[in-house]
Every structure is written in structure tokens, then in C-alpha cells.
Amino acid sequence: MQSSQQRCTPLSPEDLQQRYACAQELAMQAARRALEPYRQRDSLVVSHKGDQLQDLVSIVDQDTEAYIKQRLAERFPQDGFLGEETGGATLDAQCIWVVDPIDGTSCFVNGLHSWCVSIGLMVDGEPWLGAVADAVHDELFHACNGQGAWLNQQRLSVHTAPDIAHGVMGVGTSHRRGKQHFIPFIAQLLEEGGTFIRNGSGALMVAYVAAGRLIGYYETHINSWDCLAGLVLVKEAGGVSNDFLRNHGLTEGNPLLVANPQVYAQVASMLGNALDA
Ligand code: IPD
Ligand code: CA
Ligand code: CA
């Protein structure tokens with residue numbers, strides 16, 4: 346994989362392990378902090394981003410990102426940071442934290458249960474570790490290169506479905522780009538005996554692929570903060586993903602397909618060039 350990142354002194358296994366422990370702890374702390382405003386969400390002020398009526402943001406998204414960013418800056422001042430709410434800083438650093446403070450904001454503000462905090466880390470241009478914390482269900486999905494994927498203390502592996510007719514596919518789309526690929530994909534999925542859900546949190550659905558709850562996840566365009574942690578989870582659970590970081594995937598997003606190897610092959614061939622869009 347290409348890397349414009351600075352290559353400094355190689356990180357020691359201890360350096361990486363400290364970051365892995367920090368990601369897990371911080372993701373769950375931040376998610377638990379957001380539980381109280383979630384329960385009192387009637388008083389939340391919610392606004393739209395730009396002219397995107399469906400792209401919501403609340404004070405909880407902003408406050409949670411500020412909290413995570415501050416904790417990371419205290420622990421690892423040399424690391425870069427890319428967050429949904431505050432954008433990127435020091436993106437030429439060897440380690441870059443990629444954070445969605447609340448993924449599933451529409452669920453959060455409407456009292457639905459699918460939202461989480463997602464913290465991923467890139468090292469030398471590679472997704473290296475990630476933690477996805479769902480405080481409503483006390484579930485912390487986490488993974489680090491070479492160390493497996495985990496839900497709390499339980500080891501994860503992807504679903505064994507031989508094809509799309511043997512499980513549930515997760516899907517997502519938004520008004521950003523690529524939506525012209527969505528309806529044809531759903532039609533073909535159903536035609537070939539598949540079925541799908543969309544729960545409103547791309548980060549959680551990618552984690553569910555690692556957990557074997559979903560056979561795969563396809564989204565027409567997703568941002569890196571939604572899936573960087575999940576990419577490590579899926580790989581460590583034995584799954585496959587497309588080259589999400591190609592071109593400017595880190596800062597501009599791309600289509601995403603993650604799945605077990607058999608389902609990946611089938612869905613990738615159904616999607617054709619939609620994955621390059
Ligand atoms: C969104 C959710 C949604 C996905 C969108 C994301 P947000 O993130 O993950 O499921 O379909 O692509 O933007 O706005 O809730 O952080
Ligand atoms: Ca998100
Ligand atoms: Ca978000």
C-alpha cells in the first residue's frame with residue numbers, strides 16, 4: 346500500500362500495544378459518556394450539516410470528538426488525527442487516529458439503539474488497530490493486526506455462509522455519492538436469494554461482519570472514520586475488503602464491501618465497477 350506518511354523510528358511492540366489498550370478504553374469511556382445525553386435526547390439541539398437535511402450533528406458528536414481528541418493528544422502528542430467533526434491534523438504522521446465520535450447519529454437523536462464510537466489507527470498508511478464501542482449493549486469490538494478480532498473477551502470470526510442466500514447482508518447508502526448503484530444492487534441481491542438490513546450505523550454493521558452476525562456489508566460511499574476500525578476487525582476475523590484506501594479514501598471516502606471470502610467474491614462480481622466508483 347502506498348504511504349506518504351513520515352517513517353520515523355520504528356514503533357516498538359510496546360508502543361503499539363499502548364495505543365491498542367488506549368483505543369479500547371477510550372472508545373468505551375466516550376460511548377458511556379454519551380449515554381446520559383442519549384437518554385435525555387429530547388433536550389438535544391440537532392442541526393444539519395450544510396444543505397444535507399439527512400446529515401445530522403448534535404452537541405454530543407462535537408463534545409465526544411473533543412473529548413477523544415484531547416485524551417489522544419495528551420497520551421500520544423506526536424500522532425496525527427482525523428475526526429468527522431474537526432477534520433484532519435498532522436496527517437503526515439506515522440500514526441494517524443481516525444475517529445467517528447458518534448456513528449449512527451440519526452439513530453442516536455431518534456432513540457434507536459444502533460450507535461457507537463469508532464476509533465481506528467493507521468500506522469505507516471495501513472489500518473492497524475480499531476475499537477468500536479456500543480455502550481447501549483455493553484459491546485466493545487476490537488482488533489489489532491496479528492492479534493485477532495474480539496467482542497469484549499470473545500474471539501470473533503466471520504460467518505461461514507457459502508453464498509448470499511445463507512445469511513443477512515448489511516447495506517448502506519447516503520446522499521453523498523454512488524447512490525445510483527444502490528437500487529440495482531438491492532434488486533440483484535433479492536433476485537439471487539439474498540436479504541439485507543440497514544441499521545443506521547455503518548461502523549457497527551462492519552463490526553457485525555467481523556462478528557459473523559452479517560455475512561457482509563456494502564455501502565455505496567462511506568468515510569474512513571466510519572470503517573477504519575472495522576477494516577482491521579474484518580481482516581482479523583478472516584474476512585475480506587476492497588481497497589478502501591485507494592486514491593484519497595482516507596480523506597474522501599470510497600465505496601466499501603466487506604464480507605466473508607465466499608460472499609465477497611459473489612457480491613464483488615454482482616457489483617462490477619460500482620466498487621471503483
Ligand atoms: C453514517 C452512518 C450510516 C452510513 C453513512 C454514515 P453518521 O454516519 O454510518 O449508517 O450509511 O454513510 O455517514 O452520520 O451517523 O456518523
Ligand atoms: Ca459515521
Ligand atoms: Ca458521526
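Residue 346 is where the sequence shown starts when you use the numbering used here, and the numbers rise one by one after that. Beta carbons: idealized from backbone N, C-alpha and C, even for Gly.
(request) Please list, following the chain, all residues that have a C-beta closer than 5 Å to any non-hydrogen atom of ligand 2. (result) By the rule of a C-beta closer than 5 Å to any heavy atom of ligand 2, the residues picked out are 445, 448 and 571.
(message) Applying the 10 Å Cβ sphere with the 16-neighbour rule, what's the burial state of residue 606?
(response) Position 261 of the sequence shown, counted from the start, is the residue given in the question as residue 606. So residue 606 counts as exposed.
(request) Run through the stretch 489-543 for me and flag every whole beta strand (DSSP E) of 3 or more residues, listed as ranges in chain order. (result) Residue ranges of uninterrupted beta strand (DSSP E) with 3 or more members, entirely inside the stretch 489-543 and ordered along the chain, are 494-496, 513-517 and 540-542.
(message) Quick check on the DSSP output: the beta strand (DSSP E) that includes residue 442 runs from which residue to which?
(response) Counted from its first residue, the sequence shown places residue 442 at position 97. First-last of the beta strand (DSSP E) with residue 442: 440-448.
(request) Determine the contact status of residue 461 and residue 479, defining contact as a CB-CB distance below 8 Å. (result) Position 116 of the sequence shown, counting from 1, holds the residue named residue 461. Position 134 of the sequence shown, counting from 1, holds the residue named residue 479. Going by C-beta atoms, residue 461 is nearer than 8 Å to residue 479.
(request) Just mark residue 369 as buried or exposed, buried being the case when its beta carbon has 16 or more other beta carbons within 10 Å. (result) As a first step, residue 369 must be located in the sequence shown, where it is residue number 24. Taking all protein chains shown into account, residue 369 has 16 or more neighbouring C-beta atoms within 10 Å of its C-beta and is therefore buried.
(message) Assuming the contact rule is C-beta atoms closer than 8 Å, residue 624 and residue 578 should be a hit. Round their C-beta distance to whole Å, please.
(response) Past the edges of the chain, shown from 346 to 622, lies residue 624, and the structure says nothing about it.
(message) Within 10 Å of its beta-carbon, does residue 550 have 16 or more other beta-carbons around it, so buried, or fewer, so exposed?
(response) By 1-based counting over the sequence shown, the position of residue 550 is 205. With 16 or more Cβ atoms within 10 Å of its Cβ, residue 550 is classed as buried.
(message) With three or more beta-carbon pairs closer than 8 Å as the criterion, would you say the stretch 435-444 touches the stretch 538-552?
(response) Counting Cβ pairs under 8 Å, fewer than three are found: no touch.
(request) In the DSSP assignment, find the alpha helix (DSSP H) that holds residue 390 and state where it starts and stops. (result) Locating residue 390 in the sequence shown gives position 45, counting from the first residue. According to the DSSP assignment, residue 390 belongs to no alpha helix (DSSP H), since it is labelled neither H nor E.
(request) Please report the Cβ distance between residue 405 and residue 422, rounded to the nearest whole angstrom; I am assuming they are in contact, meaning their Cβ atoms lie under 8 Å. (result) Position 60 of the sequence shown, counted from the first residue, corresponds to residue 405. Position 77 of the sequence shown, counted from the first residue, corresponds to residue 422. About 26 Å separates the beta carbon of residue 405 from that of residue 422, a gap too long to meet the 8 Å contact definition.
(request) Mind checking who residue 567 pairs with in its DSSP beta bridge? (result) Taking the first residue of the sequence shown as position 1, residue 567 is located at position 222. 599, per the DSSP bridge assignment.
(request) Pull up the distance between the alpha-carbon of residue 366 and that of residue 374, whole angstroms please. (result) Taking the first residue of the sequence shown as position 1, residue 366 is located at position 21. Taking the first residue of the sequence shown as position 1, residue 374 is located at position 29. Between residue 366 and residue 374, the C-alpha separation is close to 12 Å.
(message) Does the beta-carbon of residue 528, which I'm using as the reference point, lie nearer than 7 Å to any heavy atom of ligand 1?
(response) Position 183 of the sequence shown holds residue 528. Result no, Cβ not under 7 Å from ligand 1.
(request) Round the Cβ separation of residue 582 and residue 501 to the nearest angstrom and send it over; I've been treating them as touching at under 8 Å. (result) For the purposes of this step, residue 582 is identified with residue 237 of the sequence shown, where counting begins at 1. For the purposes of this step, residue 501 is identified with residue 156 of the sequence shown, where counting begins at 1. The Cβ separation is near 5 Å, so the contact holds.
(message) To the nearest angstrom, how far is the alpha carbon of residue 474 from that of residue 622?
(response) Numbered from 1 along the sequence shown, position 129 holds the residue referred to as residue 474. Numbered from 1 along the sequence shown, position 277 holds the residue referred to as residue 622. Whole-angstrom Cα-Cα distance: 27 Å.
(message) Does the distance between the C-beta of residue 435 and the nearest non-hydrogen atom of ligand 1 fall short of 7 Å?
(response) In the sequence shown, residue 435 corresponds to position 90, counting from 1. Residue 435: no, Cβ never under 7 Å from ligand 1.
(message) Using only CA atoms, which one of 620, 585, 570 and 489 lies nearest to residue 433?
(response) The residue you call residue 433 lines up with position 88 of the sequence shown. Minimum Cα distance to residue 433 is reached at 570.
(request) Pair every Cβ in the stretch 516-524 with every Cβ in the stretch 554-569, then say whether three or more of these pairs are closer than 8 Å. (result) Short answer: they touch.
(request) Just tell me which of 519, 614, 620 and 604 has its CA closest to the CA of residue 513. (result) Locating residue 513 in the sequence shown gives position 168, where the first residue counts as 1. When only C-alpha atoms are compared, the closest one is 604.
(request) Answer with buried or exposed for residue 429, where buried requires no fewer than 16 other C-beta atoms within 10 angstroms of its C-beta. (result) Along the sequence shown, read from residue 1 onward, the residue named residue 429 stands at position 84. Result: buried.
(request) Please report the residue range of the beta strand (DSSP E) in which residue 464 lies. (result) As a working mapping, residue 464 is identified with position 119 in the sequence shown. Going by DSSP, residue 464 is part of the beta strand (DSSP E) stretching over 461-468.
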